[in-house]
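Contents: one structure, followed by commentary.
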């Protein structure tokens with residue numbers, strides 16, 4: 003089993019955290035994982051993205067250029083990466099903020115109205131967790147329980163009071179997707 | 055019979071390679087006497103520069119490291135941080151300290167690095183053959199300022215002691231001259247004070263020693279001493295520019 | 025199994041160094057390696073060590089010289105432009121026979137270049153960099169775990185041969201996170217006890233740390249001594265990994281991040297029926313000449329892949345010595361080659377060679 007994904011969005015939307023959470027969860031399940039951030043000036047307020055590879059075999063390149071899954075949180079990221087998704091792959095997009103439909107017809111597409119969902123569960127700051135929940139339900143690459151356990155490691159201690167809210171958001175996102 | 059003089063124990067008993075009339079020998083002796091007086095030869099670690107004093111380690115009877123040109127304060131910093139109870143000193147000329155090593159000396163002082171710096175200012179590059187130094191006086195002829203240093207072209211000579219005295223970490227900064235017995239006696243006191251400053255933990259210390267280079271100045275030794283007093287001291291005034299007690303005294 | 029932890033490459037190097045007994049770090053900020061000094065500034069004081077941010081890379085490497093000469097287990101890290109500045113000090117460290125670790129998280133050049141990953145400092149790292157006849161031992165890890173393992177080993181090797189050791193990483197290796205198993209901390213031994221300048225205590229003779237030998241015959245002998253020590257390292261320290269080379273028509277040669285991409289390319293090519301293998305140097309100085317000469321006897325061709333316009337390929341050609349064609353595929357400027365492009369290149373070479 004191997005999963006190669008790109009997660010992209012504005013800086014501040016929590017895309018790096020989503021990638022790290024998946025990596026921790028994969029490691030918890032004794033899989034091989036790698037997480038590779040974009041870095042440099044583009045981190046300062048522009049678009050941010052990370053490559054994540056989760057595999058039961060050893061991982062070759064940690065840099066994903068043709069993702070099996072693409073998660074995009076904003077329009078510029080959809081524009082930049084949509085064509086790179088492998089045929090038969092998966093695209094999950096944050097339809098609350100993206101004002102166009104994806105063009106690809108050879109991949110599975112899931113639209114998550116993440117901001118509205120996040121507000122439903124209590125705060126639009128957990129929009130990223132709604133999208134991640136949808137991803138987990140759609141792929142089963144790592145178990146929901148593994149991700150839930152790893153929130154403690156990824157979130158700084160002073161944010162641990164937000165774990166229940168994050169869990170609610172993950173569950174809400176997952177509830178809209180049939181595996 | 056009463057012994058009135060002996061070679062300091064911290065010097066090895068051998069002749070130096072320095073030219074006749076050069077004041078490096080005096081400066082070496084003053085440093086060695088200070089190390090003897092303080093009884094710290096067994097924890098003294100010197101850092102030799104690039105320049106005429108590159109072989110200082112052949113004359114001092116203590117541990118030494120030889121540094122790249124201008125980098126002695128950085129090397130001394132490395133030593134200082136590894137051996138906390140060492141007595142660390144650098145011995146640097148004006149090209150080494152004031153030109154290529156200007157950043158290193160300023161930042162060692164900024165950090166208040168507990169090292170003592172013996173800075174030999176003879177207004178010329180000695181070892182390479184008498185080229186213009188950052189301390190060469192305006193109008194002074196050297197092999198790379200054959201018509202004399204020109205202010206509008208090469209700028210003005212750098213006054214290291216005054217500059218470093220503006221830095222809080224520089225606990226003791228003095229300028230002395232090695233040009234007469236009275237001045238040498240004052241130089242000895244300043245070097246002792248520099249080492250005392252280090253041992254007390256007060257911070258960085260530096261003694262700028264106005265020195266002669268008869269060979270590259272093209273003068274006899276006594277003539278060179280006179281030239282130093284007449285030309286260098288007016289531009290490079292003697293005195294303490296910063297002391298651990300907070301005082302300063304010129305002249 | 026020991027606990028796995030997710031570590032960023034740069035932080036893994038730093039933690040491994042601390043566990044290897046490194047207690048002194050002198051550095052200067054430069055992207056993309058800043059996590060190393062930042063980590064050390066937090067971590068070293070916890071273990072009684074010293075982190076110092078120097079005024080420049082030049083000062084930092086000379087602080088390393090002083091600290092190593094005084095017997096400290098010491099390191100510095102930087103990235104390409106900063107490593108250029110350190111070359112003066114590295115030459116002096118080599119000349120004065122001092123052990124230390126230098127980490128270069130390579131970015132694109134020349135000049136200020138960029139901040140993305142590159143492998144264009146190979147010549148500098150392997151062929152000297154600074155002036156004079158000297159060599160560093162240069163490790164090229166390809167994973168975060170290997171960065172840990174090689175950093176631990178680097179200090180021992182540096183002290184064994186009394187020469188500077190370099191970890192030649194790149195921006196990808198420094199920034200990526202992977203699970204690692206961290207080895208237990210080791211005590212710092214006193215490998216330097218016989219020569220370090222710590223003060224001539226208890227009546228011992230004064231010691232000197234030095235690289236100047238003005239008499240030609242003395243400098244000649246000194247250089248022969250340094251060379252002889254590197255010859256010992258050549259005999260004992262060469263490391264590489266060979267994968268699928270036995271039946272390979274085309275053998276890829278790559279190190280570091282590029283070797284990871286090549287592994288993916290090899291898998292793709294094999295899935296498409298092209299017999300591709302991989303030789304991955306883990307030391308590039310000393311270089312695994314023999315291993316590459318061996319595969320050149322059975323492979324139809326070699327393909328060297330680098331994030332440069334062709335540097336290691338010169339050593340590959342030296343190793344192969346005409347026994348097989350050596351092809352080159354390179355990207356530069358911060359572009360990481362893709363597995364599909366390398367697989368395609370290997371396929372074309374295989375087709376051409378089989379058709380001969």
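Protein chains in written order, with this note's numbering: chain A, 3 to 181; chain B, 55 to 305; chain C, 25 to 380. Just so it is clear, CB atoms sit at the ideal spot from N, CA and C, and this is done for glycine as well.
Roughly how many whole angstroms lie between the Cα atoms of residue i and residue j?
{"i": "residue 142 of chain B", "j": "residue 48 of chain C", "result": "18 Å"}
{"i": "residue 120 of chain A", "j": "residue 163 of chain A", "result": "17 Å"}
{"i": "residue 124 of chain A", "j": "residue 14 of chain A", "result": "18 Å"}
{"i": "residue 151 of chain B", "j": "residue 110 of chain C", "result": "19 Å"}
{"i": "residue 161 of chain C", "j": "residue 52 of chain A", "result": "33 Å"}
{"i": "residue 353 of chain C", "j": "residue 345 of chain C", "result": "19 Å"}
{"i": "residue 167 of chain A", "j": "residue 130 of chain A", "result": "12 Å"}
{"i": "residue 336 of chain C", "j": "residue 113 of chain C", "result": "24 Å"}
{"i": "residue 133 of chain B", "j": "residue 165 of chain B", "result": "15 Å"}
{"i": "residue 88 of chain C", "j": "residue 368 of chain C", "result": "46 Å"}
{"i": "residue 171 of chain A", "j": "residue 7 of chain A", "result": "21 Å"}
{"i": "residue 415 of chain C", "j": "residue 46 of chain C", "result": "Any answer about residue 415 of chain C is impossible in this case: the structure gives chain C only from 25 up to 380."}
{"i": "residue 154 of chain A", "j": "residue 38 of chain A", "result": "21 Å"}
{"i": "residue 102 of chain A", "j": "residue 95 of chain A", "result": "10 Å"}
{"i": "residue 225 of chain B", "j": "residue 295 of chain B", "result": "10 Å"}
{"i": "residue 161 of chain B", "j": "residue 69 of chain C", "result": "21 Å"}
{"i": "residue 205 of chain B", "j": "residue 192 of chain B", "result": "6 Å"}
{"i": "residue 242 of chain C", "j": "residue 158 of chain C", "result": "16 Å"}
{"i": "residue 205 of chain C", "j": "residue 29 of chain A", "result": "12 Å"}
{"i": "residue 51 of chain C", "j": "residue 222 of chain B", "result": "23 Å"}
{"i": "residue 271 of chain C", "j": "residue 299 of chain C", "result": "7 Å"}
{"i": "residue 122 of chain A", "j": "residue 19 of chain A", "result": "21 Å"}
{"i": "residue 233 of chain C", "j": "residue 78 of chain B", "result": "22 Å"}
DSSP puts residue i in a beta bridge; with which residues?
{"i": "residue 7 of chain A", "result": "A:54, A:71"}
{"i": "residue 307 of chain C", "result": "C:163"}
{"i": "residue 264 of chain C", "result": "C:305"}
{"i": "residue 29 of chain C", "result": "C:204"}
{"i": "residue 123 of chain B", "result": "Answer is none; residue 123 of chain B lacks a bridge partner."}
{"i": "residue 351 of chain C", "result": "C:327"}
{"i": "residue 333 of chain C", "result": "Its beta-bridge partners do not exist; DSSP assigns none."}
{"i": "residue 294 of chain B", "result": "B:228, B:303"}
{"i": "residue 219 of chain C", "result": "DSSP output for residue 219 of chain C lists no bridge partner at all."}
{"i": "residue 222 of chain B", "result": "The partner list for residue 222 of chain B (beta bridge, DSSP) is empty, contrary to what the question assumes."}
Indicate the three-state DSSP secondary structure (helix, strand or coil) for residue i in the structure shown.
{"i": "residue 144 of chain B", "result": "strand"}
{"i": "residue 325 of chain C", "result": "strand"}
{"i": "residue 72 of chain C", "result": "coil"}
{"i": "residue 182 of chain B", "result": "coil"}
{"i": "residue 157 of chain A", "result": "coil"}
{"i": "residue 175 of chain B", "result": "strand"}
{"i": "residue 168 of chain A", "result": "helix"}
{"i": "residue 209 of chain B", "result": "coil"}
{"i": "residue 234 of chain C", "result": "coil"}
{"i": "residue 272 of chain C", "result": "coil"}
{"i": "residue 117 of chain B", "result": "strand"}
{"i": "residue 34 of chain C", "result": "helix"}
{"i": "residue 80 of chain C", "result": "coil"}
{"i": "residue 191 of chain B", "result": "coil"}
{"i": "residue 67 of chain B", "result": "coil"}
{"i": "residue 281 of chain C", "result": "helix"}
{"i": "residue 197 of chain C", "result": "helix"}
Given 8 Å, three or more beta-carbon pairs between the segment 116-130 of chain C and the segment 138-148 of chain C:
yes
The segment 48-58 of chain C contacting the segment 80-99 of chain B, beta-carbon criterion three pairs below 8 Å
no
Kindly confirm or deny that the segment 33-40 of chain C and the segment 193-205 of chain C touch, where touching means at least three C-beta pairs closer than 8 Å.
yes
Counting pairs of Cβ atoms below 8 Å between the segment 256-272 of chain C and the segment 299-307 of chain C, do you hit three or more?
yes
What are the start and end residues of each continuous beta strand (DSSP E) run of 3 or more residues lying completely inside the segment 236-284 of chain B, in chain order?
258-264
Does the segment 101-115 of chain B come close enough to the segment 60-77 of chain B that 3 or more CB-CB pairs lie under 8 Å?
yes
Between the segment 279-292 of chain C and the segment 163-170 of chain C, can you find at least three pairs of beta-carbon atoms closer than 8 Å?
yes
Hey, is the segment 84-96 of chain B in contact with the segment 239-251 of chain B, meaning 3+ C-beta pairs nearer than 8 Å?
yes
Would you check if there are 3 or more beta carbon pairs closer than 8 Å linking the segment 153-161 of chain B to the segment 121-133 of chain B?
yes
Could you check whether the segment 211-227 of chain B touches the segment 257-267 of chain B, counting it as contact only if at least three pairs of C-beta atoms, one from each stretch, sit closer than 8 Å?
yes
For the pair the segment 52-63 of chain A and the segment 77-89 of chain A, tell me if three or more CB-CB distances fall below 8 Å.
no
I'd like the ranges of any beta strand (DSSP E) spanning at least 3 consecutive residues and lying wholly in the segment 63-137 of chain A.
71-74, 92-96, 110-114
Whether or not the segment 273-281 of chain C and the segment 319-331 of chain C are in contact is what I'm after, with contact meaning three or more pairs of Cβ atoms, one per stretch, closer than 8 Å; do they touch?
yes
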